[in-house]
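Enquirer: The numbering used here applies: residue 12 is where the sequence shown begins, and numbers increase by one. Ideal Cβ positions, reconstructed from N, Cα and C, are used throughout, including at glycine. Supplied in structure tokens, the structure appears directly below.
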Amino acid sequence: METSKPEDIATPIAETTAGAVRLVTLRLTGSQNDLAKKSQHFGRYVRSFLETEVKSPFRFRQVSPTAFALNGKCSPKAFDRYTISLHDRLMEFLFGTEGSRAAQVIVFAGTEQEVAEFITEPEDKAIERSKKYLNRVLSELKEVDTPEPTAASDHHIERYAGKRPLLYRGILACPHQVMIAYAITPNANPDASTSETRPADLDLARYLSFRGEEAIDFSIRLFDKASFLLQTSQKEMQSVIFLVPIAYRSLLAHKESEQFLQNANEHPEWVRNQIFVSVFGAPPRPSTSIIQRFGTEFSSQFRTLDWQVTEPDVDPTLFLGSRLHSLTFDLHGHKSKREQLIRQFIEAASDLHSLKIRAGITGIDTPEELKLAIKGKLTYVSGNAVTAPLMNYAPPQKVDLQDLPILEPTVLESVSSTSHAA
């Protein structure tokens, strides 16, 4: 590993309430270190990742091919959480998910003098200093009941004591105009009077990001809920399909993805066939290794797999041999030029069709957006223009487009659902 002069990182990169820069150093395994040395572009790969992933209020300075400094104006706890999550994504970007688990990372934050000592001291001392820092940070983060934002965006989601009630968002299969599936979503206003206030839900991507390390628990809860509904409902209701989300970061954490799959394996095969798992929160250009691992490991238990993207210019080569059933463009984060974005995604959908991957859009808000999506021959659409968040769900059935959006479950042949259970 290359070293750098202390003054390279001692100068603050930006004003910060956290008090000091964070230095992230990759301490590589033998094979990975050889790979880095042989590659003349290794440092460029790291810089390319940082330029894409590090956004305001954070800044970075690359001090060697395998080390960089972070600085940003936020609270210390938010800074610590962001530093560790950025490391995880970098390792997966450089070496793939499997390789990243064999690598060792050294992370440290402290005063300017401590950081200067850290990058110049022998490796064994640097490792010991890093371990003490990480143990302190991780123990402190576990004690925090309300996680702080890990990036510039503010989730504006308040903690709710207990389990949030659940709602249902209809998913329309466009070719046959059949309301075929439902996404189970968390209630945004669990204490509101449902008789006076129309139900509102939280966007799944935002909520999973808000839950952080607890996201996998929520994913398992929704899976168990869907299984419960399928196994206890009348026969005509057992053909409904439920979307169960899983966070991209949960795929990177091998323990979490194994936990999800082990739980799924305890449920009947016919139940798993009525559930499609959708990956949320993936970066614009995820590693092909994580996509392939998702397809390989999850297709053995699930017939239907979906991947969510947040930008319309999809690179189809990333999904070659992925075993995906569908790829969904999430419009929730886009406030302007939405119809233009829909057209862009429709153009990309033709390449997906050649890979036998169906294309869908979620977050469709207006009748005009809905007509554009249907005209573009997308397979699935959902959003406010299809259904509002509903208290109940219904069996798959053909719907008249003139009846959309469906604002009340009574429009459908619905059944009562114990949304507070499980």
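Out of N284, F305 and V282, point me to the one whose CA is closest to A293's CA.
Expert: Ranking N284, F305 and V282 by Cα distance to A293 puts F305 first.
Enquirer: Is it the case that the Cβ atoms of A370 and L389 are separated by a distance below 8 Å?
Expert: In this structure, L389 lies closer than 8 Å to A370 by Cβ.
Enquirer: Label E277 either buried or exposed according to how many other C-beta atoms from any shown protein chain fall within 10 Å of its C-beta, with 16 as the threshold for buried.
Expert: Classification of E277: exposed, given that the 10 Å Cβ count is below 16.
Enquirer: Taking the beta carbon of T161 as the centre, do at least 16 other beta carbons fall within 10 Å, making it buried, or is it exposed?
Expert: With a pLDDT of only 38 at T161, under 50, the local geometry of the prediction cannot be trusted, and no value is derived from it.
Enquirer: Which two residues bound the contiguous alpha helix (DSSP H) that contains D306?
Expert: Note on identity: in this sequence residue 306 is Gly, with Asp being the wrong assignment. Taken as a continuous stretch (DSSP letters only), the alpha helix (DSSP H) holding G306 covers T299 to S310.
Enquirer: Within the chosen definition, does the segment 239 to 248 reach the segment 209 to 218 through at least 3 CB pairs nearer than 8 Å?
Expert: Short answer: they don't touch.
Enquirer: Classify K236: buried if its beta carbon has 16 or more other beta carbons within 10 angstroms, exposed otherwise.
Expert: When all chains shown are included, K236 counts as buried.
Enquirer: To the nearest angstrom, how far is it from the Cα of E26 to the Cα of D362?
Expert: Here E26 scores only 43 on pLDDT, less than 50, and its place in the model should not be relied on; the value that follows carries that caveat. For E26 and D362, the distance between alpha carbons rounds to 46 Å.
Enquirer: Can you name, in chain order, every residue of its own chain whose Cβ lies under 8 Å from the Cβ of I231, other than the five neighbours on each side?
Expert: Cβ neighbours of I231 beyond the five flanking positions: Q270, F271 and N274.
Enquirer: What separation, rounded to the nearest whole angstrom, lies between the Cα atoms of I138 and S261?
Expert: Their Cα atoms are separated by approximately 26 Å.
Enquirer: Considering Cα atoms alone, identify which of P197, F313 and P323 is closest to L335.
Expert: For L335, the nearest C-alpha among the options comes from F313.
Enquirer: Locate the beta strand (DSSP E) running through D317, then write down its first and last residues.
Expert: Its beta strand (DSSP E) spans residues T315 to V320.
Enquirer: Go to D341, then tell me how far its beta strand (DSSP E) extends in each direction, as first and last residue.
Expert: Note, D341: beta strand (DSSP E), S337 to D341.
Enquirer: Spatial neighbours of R58 within its chain, please: C-beta separation below 6 Å, excluding the five flanking residues on both sides.
Expert: Q73.
Enquirer: Go through its chain and collect everything with a Cβ distance to D376's Cβ below 8 Å, but skip five positions before and after it.
Expert: Cβ within range, chain order: L342, R349, G394, N395 and A396.
Enquirer: Return the CA-CA distance between R170 and E225, expressed in angstroms with no decimal places.
Expert: Each residue's alpha carbon lies about 12 Å from the other.
Enquirer: Is the distance from the Cβ of D91 to the Cβ of V148 below 8 Å?
Expert: Contact: yes.
Enquirer: List the residues that DSSP assigns as beta-bridge partners of N82.
Expert: Paired residue(s): R70.
Enquirer: Short check: CB of A192 to CB of F253, under 8 Å?
Expert: The answer is yes: Cβ separation under 8 Å.
Enquirer: Alpha carbon to alpha carbon, what distance is there between S365 and L241?
Expert: C-alpha separation (whole angstroms): 33 Å.
Enquirer: Would you list the one or two residues that DSSP bridges to R232?
Expert: Answer is none; R232 lacks a bridge partner.
Enquirer: How would you write the range of the alpha helix (DSSP H) that I353 sits in, first residue to last?
Expert: Note, I353: alpha helix (DSSP H), R349 to S365.
Enquirer: For G374, count neighbouring Cβ atoms within 10 angstroms of its own Cβ and tell me buried if that reaches 16, exposed if not.
Expert: Counting Cβ neighbours within 10 Å, G374 comes out buried, since at least 16 surround it.
Enquirer: So the alpha helix (DSSP H) S261 belongs to, where does it begin and stop?
Expert: Counting along the chain, the alpha helix (DSSP H) containing S261 begins and ends at Y259 to L263.
Enquirer: Would a C-beta distance cut-off of 8 Å place V290 and S238 closer than the cut-off?
Expert: No, they are not a contact pair.
Enquirer: State the DSSP-derived secondary structure class of A384, mapped to helix, strand or coil.
Expert: Correct three-state label for A384: helix.
Enquirer: Leaving out five residues before and five after V155 in sequence, what residues of the same chain have Cβ atoms less than 6 Å from its Cβ?
Expert: Because the pLDDT of V155 is 46, which lies under 50, any placement of that residue in the model is unreliable, and the number read from its coordinates should be weighed accordingly. Cβ neighbours of V155 beyond the five flanking positions: none.
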